[in-house]
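Student: According to the numbering used here, the sequence shown is numbered sequentially starting from -5.
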Amino acid sequence: MKKFLPILLAVGALAMFSSCVTTKAIVRNKNVSEQWLASQHRGQAKVNVTGTYTSAVYHWGGAQLVQKGSEVTGTIGSYKLHGVVRGYRVYLLASSGSLDKYSIILSAKGQDLVGAFSDSIPFSIQEAEPMTLTKINL
-5 MKKFLPILLA VGALAMFSSC VTTKAIVRNK NVSEQWLASQ HRGQAKVNVT GTYTSAVYHW
55 GGAQLVQKGS EVTGTIGSYK LHGVVRGYRV YLLASSGSLD KYSIILSAKG QDLVGAFSDS
115 IPFSIQEAEP MTLTKINL
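Quick look at the structure:
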């Protein structure tokens, strides 16, 4: 029994440490994400992006967006979306669980949204990949 006690204590300490790191990472992720969105929130929305979209790029799948004022929420594939519209541009964060995973910048082109996504937050043009959301008229 005495041999197992140090092992048990080490495993417990490791579990506590890893949960603290995870909590700190989540808080940092949310802070950086919200700062990036807040910096995009200047100006009025000149387009309403509410609707159903599809994307063939990177197998994102279908997207559903709901805009209220300049705020946007929705989903794309298995990711939750939240963001803002400024002018004809849409700034989104795609999250999985409690972490924001992708930053997205799109511009309205007719009924479609064209731009790029990045797995960096804030958005990084160096890591950006093209993205097009094609509106489905139901």
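We treat Cβ as the ideally placed atom computed from N, Cα and C, and that holds for glycine.
Taking only the alpha-carbon atoms, compute the straight-line gap between S64 and F111 and give it to the nearest angstrom.
Tutor: Near 20 angstroms, if we compare the C-alpha coordinates of F111 and S64.
Student: Near G68, what residues of its chain come up, given a Cβ to Cβ distance below 6 angstroms and the 5 sequence neighbours on each side ignored?
Tutor: The residues are Q58, L59, V60, L75.
Student: Assuming contact is defined by CB atoms lying nearer than 8 angstroms, are T48 and G56 in contact in what I supplied?
Tutor: Yes; because the gap between Cβ atoms is below 8 angstroms, this pair is in contact.
Student: Checking 8 angstroms against the spacing of the C-beta atoms, do S101 and Y82 come in under that value?
Tutor: In contact: S101 and Y82 (Cβ atoms closer than 8 angstroms).
Student: Going by other Cβ atoms of all chains shown within 10 Å of its Cβ, with 16 needed for buried, is V51 buried or exposed?
Tutor: Its Cβ having fewer than 16 others within 10 Å, V51 is exposed.
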